[in-house]
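Here the structure is laid out as structure tokens; the discussion comes afterwards.
Protein chains: 2
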Amino acid sequence: MILDGEPRLSPRGAARQAGLRSQNLALVVEHVARAGTVSRADVASATGLTRATVSSLVEVLIEARVLEWAPAPAAGGVGRPASPVRLAVATVAGLGVEIGANHLCAVVVDLRGERLAFREVRGDFASPAPAAALASVAALATTALAAARAAHPDLVLLGTTLAVPGIVRDGVVLDAPRLGWIDVDAAAALTDVAPDVPVAVGNEASLAALAESHARPASTFLYISGGVGVGGAHVVDGVVQGGVHGFASELGHVVVDPAGPDCRCGATGCLEQYAGAQGLARLAPSDVGRALGIGLASAVNVLDVAAVVVGGALGDLLPRLHDALTAELATRVLAYPWAPVDVQRAQVRELPGLQGAALSPVLAALANPESLLRT
Amino acid sequence: MILDGEPRLSPRGAARQAGLRSQNLALVVEHVARAGTVSRADVASATGLTRATVSSLVEVLIEARVLEWAPAPAAGGVGRPASPVRLAVATVAGLGVEIGANHLCAVVVDLRGERLAFREVRGDFASPAPAAALASVAALATTALAAARAAHPDLVLLGTTLAVPGIVRDGVVLDAPRLGWIDVDAAAALTDVAPDVPVAVGNEASLAALAESHARPASTFLYISGGVGVGGAHVVDGVVQGGVHGFASELGHVVVDPAGPDCRCGATGCLEQYAGAQGLARLAPSDVGRALGIGLASAVNVLDVAAVVVGGALGDLLPRLHDALTAELATRVLAYPWAPVDVQRAQVRELPGLQGAALSPVLAALANPESLLRT
């Protein structure tokens, strides 16, 4: 229900008007973000808004440094009416931070998701005493943010998000076995990096799927990634599904074989034991592919998706896993004859969890551009 | 964004006004349906609409025979202003039809989901030639509908829905192994029962979950039912999740043990081989419970739900399965320590798929009461 509306005078009318403008701003930003560089006329025809409305909204968004004029096409008319717009370069940013067992990293990205600064340290960071790793990653994030601000003095930061390989709730890492962490208030340790913005903590695989979703707008897929452990996410029309508590898509613990190896989680035969680092070291690729196919078949029978996207080390190995994996899906997904499953390698290959962490506050703001008018 | 609005004069304003009225009608109906019998003042305070708006909408809904005045409370004021309203009794109906391997049945329910007429035939109806079963069930549905109309001459029928134990798309049963059906255009065979209303065909377990959801409004749960086969549905805030193609929640084919028995689907060790009729005949209850726990643990790791609802023959057996089932969930659901799973028996126990089939057009209309103003 996105409509132009004439001004209203009653307070309720005013509230409704603001709601409509907010929706229309989001509609314009979404279209520009997806199109890359686009004329206002094309935005109008794609969104169903009038040209006058689009022009007025674009002015507001340029004033707020959300959009900017793009170079006009070489051929064509002259003057501003023909000028296309795009997401503004290096004006508004998100800070992503990641802690893994063997690396710490931080990145600042702008509204387009382009990197403005990046820092990474390799080492051994798994420890039941998390203070040292958190202090190190906070320092790394501080230097990355300082570098981005030095290059872009007017940069507005929206938020900081930390990606961790574990179960997270309300900024607390409840359990991250690969880090050796239990009940770590990681958000509190990062507030000093940028005290004026919110700090969030997310599951690494969910954030990696967010980055992948940014690369394939508004699509629906099941994401699975393997590095040390195995994680996943279910993305529906561009939205990562959290489930009731935010713990959905723990694909590493779907059962492959109850008589299989002990898992660190206390169960047996979890997918992570076949497709995580230990499984990759122990098994032939065809056996990894078969186990992945069994686990993913259960997930696809539950969710009904047409695409599985494979990231991380599993994505690198995908050519060697693909046939065994697909054969199991074809055998075990009940609806496969009518709904075959396309298995693809992830498009975001470099630190997708970190990229998703940095994108997280950016994409939230782009979905609600009204919030950016106030920054 | 549900707001009162003063009348608007432009065509766009008019359209917007109609959209708001439609939303407000739905809000009133939803609240009355959930409350059972409720005063207009309580509807107003629960929905945030003004009393005047609620009264006006209630008048419209009573005129359309969607709501009716309920007997006034024994104590209290006099006259219409204090009269509570409720969903109208036996005015508007849905026709549900079910074909199983061993029974045919048909039911007519009103807006409350109460039965107005019911017919059932027991026998052996599995046959690769579906014409006889379809003709029998059409005749049964015709007699049920005639009985309902004889008792309620002004009854308005909204739609006919057939429940089948199989994979369904666009009114066609693609595959229903327990019936022996492949590619059967079941909707076409039922159009003559009530030629003026749409005919739909749905998966029996999805429709059973719809009936269960009607009994627990706006809740989120994973439904699993076992009779001959095993089916399921994932209900989120009262909405049955279909997945990309409508084939979601095939819980009977989640893998329990890849070295397990051959399944009729072509795979091995599917949950249906442990918790379907053959499994129940072959295995001790604790082994059925364990297999159910393994399969459901995979599904809960994928979906993150707080409640599993067990229906059909499995629901009847639940007391004997519960401990083994819950032990597997506790061991295998990664987030169980922070998000335990409550396993409950289904509330709708008599032919839930049939009830859901009859409710399906009714609930769709109640969610969009504007559609009922035209009948």
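Protein chains in written order, with UniProt numbering: chain L, 1 to 375; chain P, 1 to 375. Backbone N, C-alpha and C fix where the C-beta goes; we use that ideal spot for every residue, glycine too. None of the values given here were measured: they were computed from a predicted structure.
Legend entry - Between the CA atoms of alanine 335 of chain P and serine 298 of chain P - distance to the nearest angstrom: What you label residue 298 of chain P is simply residue 298 of the second sequence in a count that begins at 1. What you label residue 335 of chain P is simply residue 335 of the second sequence in a count that begins at 1. Rounded to the nearest angstrom, the two C-alpha atoms are 12 Å apart.
Legend entry - Within chain B, partners of serine 298 of chain P - CB distance below 7 Å: Looking for chain B here will not work: the only protein chains present are L and P.
Legend entry - Distance CB(glutamine 347 of chain P)-CB(glutamate 204 of chain P) smaller than 8 Å: Translated into positions along the second sequence, residue 347 of chain P becomes position 347. Translated into positions along the second sequence, residue 204 of chain P becomes position 204. No, these two residues do not count as a Cβ contact at 8 Å.
Legend entry - Selected residue, minimal CA-CA separation from valine 109 of chain P, among P:Ala90, P:Arg332, P:Ala176 and P:Ala339: Counted from its first residue, the second sequence places residue 109 of chain P at position 109. If we check each option's Cα against that of valine 109 of chain P, P:Ala90 comes out closest.
Inset, instruction - Can you grab the Cα-Cα spacing for the pair glycine 180 of chain P / proline 177 of chain L, in whole Å? - result: For this step, residue 180 of chain P is matched to residue 180 along the second sequence. For this step, residue 177 of chain L is matched to residue 177 along the first sequence. Cα-Cα distance, rounded: 48 Å.
Inset, instruction - Would you identify the three-state DSSP class for arginine 80 of chain P, choosing helix, strand or coil? - result: Along the second sequence, one-based indexing puts residue 80 of chain P at 80. Any answer about arginine 80 of chain P is weak, because its pLDDT of 49 lies below 50 and its placement is not dependable; what the coordinates show is given next. The answer is helix: DSSP assigns arginine 80 of chain P an H, G or I state.
Inset, instruction - Give the straight-line distance between the Cα atoms of leucine 366 of chain P and glycine 252 of chain P, rounded to the nearest whole angstrom. - result: Counting from one through the second sequence, the residue named residue 366 of chain P turns up at place 366. Counting from one through the second sequence, the residue named residue 252 of chain P turns up at place 252. For leucine 366 of chain P and glycine 252 of chain P, the distance between alpha carbons rounds to 32 Å.
Legend entry - Minimum Cβ-Cβ distance from threonine 220 of chain P to chain L less than 8 Å: Reading the second sequence from its first residue, position 220 is the one you call residue 220 of chain P. Output row for threonine 220 of chain P: interface = yes.
Legend entry - Chain-ordered chain P contacts of cysteine 265 of chain L [CB-CB under 7 Å]: Here the question's residue 265 of chain L lines up with position 265 in the first sequence. In chain order, Leu334 make up the part of chain P whose C-beta sits under 7 Å from the C-beta of cysteine 265 of chain L.
Legend entry - Per-residue burial, proline 7 of chain P [other beta carbons within 10 Å of its own, 16 or more giving buried]: Working through the second sequence from its first residue, we reach residue 7 of chain P at position 7. Annotation note: pLDDT 32 at proline 7 of chain P (below 50); position unreliable, coordinate value reported separately. Under this definition proline 7 of chain P is an exposed residue.
Legend entry - Assumed close pair alanine 357 of chain L, threonine 161 of chain L - CB separation to whole angstroms, cut-off 8 Å: Along the first sequence, read from residue 1 onward, the residue named residue 357 of chain L stands at position 357. Along the first sequence, read from residue 1 onward, the residue named residue 161 of chain L stands at position 161. Sure, about 4 Å apart at Cβ, within 8 Å.
Inset, instruction - Measure the CB-CB distance between residue 390 of chain L and glutamate 114 of chain L and report whether it falls below 8 Å. - result: Residue 390 of chain L cannot be examined here, being either before or after the span of chain L that is shown, 1 to 375.
Inset, instruction - Can you tell me which of the three DSSP states residue 378 of chain L falls into? - result: Residue 378 of chain L is absent from the model: chain L starts at 1 and stops at 375.
Inset, instruction - For asparagine 24 of chain P, name the three-state secondary structure that DSSP assigns. - result: Within the second sequence, numbered from 1, the residue matching residue 24 of chain P stands at position 24. In this structure, asparagine 24 of chain P counts as helix in the three-state DSSP scheme.
Legend entry - Chain-order list of residues whose beta-carbon lies under 6 Å from that of aspartate 262 of chain L (same chain, five-residue window excluded): Here residue 262 of chain L refers to the residue found at position 262 of the first sequence. Contacts found: Thr268.
Legend entry - Segment limits, beta strand (DSSP E) that includes glycine 289 of chain L: The count along the first sequence starts at 1 and reaches residue 289 of chain L at position 289. Per DSSP, glycine 289 of chain L belongs to no beta strand (DSSP E); it is in the alpha helix (DSSP H), 285 to 303.
Inset, instruction - Pull up the DSSP beta-bridge partners for glycine 353 of chain L, would you. - result: Stepping through the first sequence from its first residue, residue 353 of chain L is reached at position 353. Paired residues: none, contrary to the question.
Inset, instruction - Quick one: give me the first and last residue of the alpha helix (DSSP H) that valine 43 of chain P is part of. - result: Here the question's residue 43 of chain P lines up with position 43 in the second sequence. Segment 40 to 47, the alpha helix (DSSP H) holding valine 43 of chain P.
Legend entry - Bridge partner(s) assigned by DSSP for arginine 178 of chain P: Within the second sequence, the letter at position 178 stands for residue 178 of chain P. Paired residues: none, contrary to the question.
Inset, instruction - Report yes or no: do the segment 275 to 288 of chain P and the segment 189 to 208 of chain P share at least 3 C-beta pairs separated by less than 8 Å? - result: no
Inset, instruction - Specify the secondary structure class of alanine 367 of chain P as computed by DSSP and reduced to three states. - result: As a first step, residue 367 of chain P is located in the second sequence; it is residue number 367 there, counting from the start. Helix, per DSSP.
Inset, instruction - In the DSSP assignment, find the alpha helix (DSSP H) that holds valine 137 of chain L and state where it starts and stops. - result: In the first sequence, residue 137 of chain L corresponds to position 137, counting from 1. Counting along the chain, the alpha helix (DSSP H) containing valine 137 of chain L begins and ends at 131 to 151.
Legend entry - Integer-rounded CB distance, given that histidine 322 of chain P should sit under 8 Å from glycine 289 of chain P: Here residue 289 of chain P refers to the residue found at position 289 of the second sequence. Here residue 322 of chain P refers to the residue found at position 322 of the second sequence. Contact flag correct, Cβ pair sits at about 7 Å.
Inset, instruction - With distances taken Cα to Cα, identify the nearest neighbour of valine 164 of chain L among L:Leu49, L:Asn102, L:Glu272 and L:Leu317. - result: Numbered from its first residue, the first sequence carries residue 164 of chain L at position 164. The residue with the shortest Cα to Cα distance from valine 164 of chain L is L:Asn102.
Legend entry - Neighbouring residues, chain L, relative to serine 371 of chain P (Cβ below 7 Å): In the second sequence, counting from the first residue as 1, residue 371 of chain P sits at position 371. By Cβ distance, chain L contributes nothing, its closest Cβ being about 17 Å from serine 371 of chain P, past 7 Å.
Inset, instruction - Could you tell me if alanine 324 of chain L is buried or exposed, where buried requires 16 or more neighbouring beta carbons within 10 angstroms of its beta carbon? - result: On the first sequence, residue 324 of chain L is found 324 positions in, with the first residue counted as 1. Alanine 324 of chain L comes out buried.
Legend entry - Nearest-angstrom Cα separation, counted from proline 198 of chain L out to alanine 106 of chain L: Mapped onto the first sequence, residue 106 of chain L falls at position 106. Mapped onto the first sequence, residue 198 of chain L falls at position 198. Annotation: alanine 106 of chain L to proline 198 of chain L spans about 16 Å, alpha carbon to alpha carbon.
Legend entry - Residues bridged to serine 225 of chain L [DSSP beta-bridge criterion]: If you number the first sequence from 1, residue 225 of chain L lands on position 225. Paired residues: L:Gly231 and L:Gly311.
Legend entry - Within-8 Å CB hit, isoleucine 294 of chain L to chain P: As a first step, residue 294 of chain L is located in the first sequence; it is residue number 294 there, counting from the start. Yes, isoleucine 294 of chain L counts as interfacial toward chain P.
Legend entry - Chain-ordered residues of the segment 162 to 187 of chain L with a beta carbon less than 7 Å from chain P: Ile167, Arg169 and Leu174
Inset, instruction - Could you confirm whether any beta carbon from chain L is found closer than 8 Å to the beta carbon of glycine 243 of chain P? - result: One-based indexing of the second sequence puts residue 243 of chain P at position 243. Yes, because at least one Cβ of chain L sits closer than 8 Å to the Cβ of glycine 243 of chain P.
Inset, instruction - Would you kindly work out how many angstroms separate the C-alpha atoms of glycine 171 of chain L and proline 361 of chain P, rounded to a whole number? - result: Within the first sequence, the letter at position 171 stands for residue 171 of chain L. Within the second sequence, the letter at position 361 stands for residue 361 of chain P. Their Cα atoms are separated by approximately 43 Å.
Legend entry - Three-state secondary structure assigned by DSSP to arginine 345 of chain P: As a working mapping, residue 345 of chain P is identified with position 345 in the second sequence. In this structure, arginine 345 of chain P counts as strand in the three-state DSSP scheme.
Inset, instruction - Please check the pair valine 96 of chain L and glutamine 355 of chain L, which I expect to be a contact at CB under 8 Å, by giving their CB distance rounded to whole angstroms. - result: As a working note, residue 96 of chain L is residue 96 in the first sequence. As a working note, residue 355 of chain L is residue 355 in the first sequence. According to the sequence as given, residue 96 of chain L is glycine; it is not valine. With a Cβ gap of about 7 Å, glycine 96 of chain L and glutamine 355 of chain L count as contacting.
Inset, instruction - Give the secondary structure of proline 361 of chain L by DSSP, where H, G and I count as helix, E and B as strand, and everything else as coil. - result: Locating residue 361 of chain L in the first sequence gives position 361, counting from the first residue. Three-state DSSP puts proline 361 of chain L in a helix.
Legend entry - Beta-carbon proximity check, alanine 148 of chain L vs alanine 200 of chain L, cutoff 8 Å: In the first sequence, the residue the question calls residue 148 of chain L occupies position 148. In the first sequence, the residue the question calls residue 200 of chain L occupies position 200. Not in contact: alanine 148 of chain L and alanine 200 of chain L (Cβ atoms no closer than 8 Å).
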